[in-house]
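What follows is one structure encoded as structure tokens, with my remarks underneath.
In this note's numbering, the protein residues as written are 175 to 495.
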């Protein structure tokens, strides 16, 4: 039986940093208010010339270098993004051209928002298990700063830009134990971004994220708790078998609640929220890459990855790194 395994990671963050103190100058908020409610201190903001494609390419090349493979080895490209380069062709197809790859399947997932990376990860895992491909490039890349209302202090303080990438490779031994995906459209109005195609729109009218923060928080804590139980039960494991939690970086209070659910100390949770904010589909691979590269996550350890976003959609993966 074939399995998939994480064999390389990479990331990219824009050079520009926007701190909470910078935000105090442009919106009615304060550093203390943001930190107390979210845990965020700063976030990276893409330059005018940077896009989901340019950031994805940088993260992808670093992940391939880490895995010791070339673009010619890649059998599939999936990019999770709510801020694509174009409506079509997909950002993944454009990246395929940038990398000089021809013929392999390449597509975007833009419907699961912050859970998008988990959906992409699960799809790539299935293709490798089936034996259809040997290596998959899975990326989360977002320029969230371009879909924010910078006068809305409840949302503009939360998000940042960046890209994270993972190379999944074929293995004879379990790397990815299981993945679990869910969605519930009855909560569609809790977190959403309208389409430019939904209605006629003036050229100057901008689209921005709409979110019911308190409702989203309550749903996330309950749903993710059930998701953890499902993931562990599917693999006949106990909480004590999990070495690391690699969560979507939405809110420090949600992350703390999830760590408590797993009986994990916060020192065993990969956190980038303080420095990067919520980078949506990029947050999980960004956190994973950082914790691997700084030596905290080590080979042979068991990781629980989880994402939760608009849809509502959510997903997890249990991984032997």
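Note that beta-carbon positions come from the ideal geometry of N, C-alpha and C, so glycine has one too.
Query, Result
"Start-to-end residues for the alpha helix (DSSP H) that takes in residue 211", "205-212"
"Secondary structure of residue 327, DSSP reduced to three states", "coil"
"Three-state secondary structure (DSSP) of residue 377", "In this predicted model, residue 377 has a pLDDT of only 47, less than 50, meaning its place in the structure is not dependable; the value taken from the coordinates is given anyway. In this structure, residue 377 counts as coil in the three-state DSSP scheme."
"Helix, strand or coil at residue 333 according to DSSP, with G and I counted as helix", "strand"
"Outcome for residue 439 when other beta-carbon atoms lying within 10 angstroms are tallied against a minimum of 16", "exposed"
"Cβ-heavy atom distance, residue 313 to the ligand MN, below 7 Å", "Annotation note on the ligand MN: not contained in the displayed structure, which lists no ligands."
"Separation of residue 307 from residue 362, as counted between CA atoms", "34 Å"
"Distance CB(residue 452)-CB(residue 355) smaller than 8 Å", "no"
"Euclidean distance between Cα positions of residue 186 and residue 286", "21 Å"
"Rounded distance between the beta-carbons of residue 298 and residue 365, thought under 8 Å", "Residue 365 to residue 298, Cβ: 25 Å. No contact."
"Start-to-end residues for the alpha helix (DSSP H) that takes in residue 229", "226-241"
"Exposed unless 16 or more other CB atoms sit within 10 angstroms - verdict on residue 377", "With a pLDDT of 47 at residue 377, under the threshold of 50, the modelled position of that residue is not reliable, and the figure given next carries that caveat. Label assigned to residue 377: exposed."
"Residue(s) in a DSSP beta bridge with residue 439", "DSSP, once it has assigned bridges, lists no residue as partnering residue 439."
"Buried or exposed by the 16-neighbour rule on C-beta atoms within 10 Å, applied to residue 271", "exposed"
"Cβ neighbours of residue 473 in the same chain (closer than 7 Å, five flanking residues each side left out)", "495"
"Rounded C-alpha distance that separates residue 417 from residue 411", "12 Å"
"The region 247-254 touching the region 309-321, judged by at least three CB pairs closer than 8 Å", "yes"
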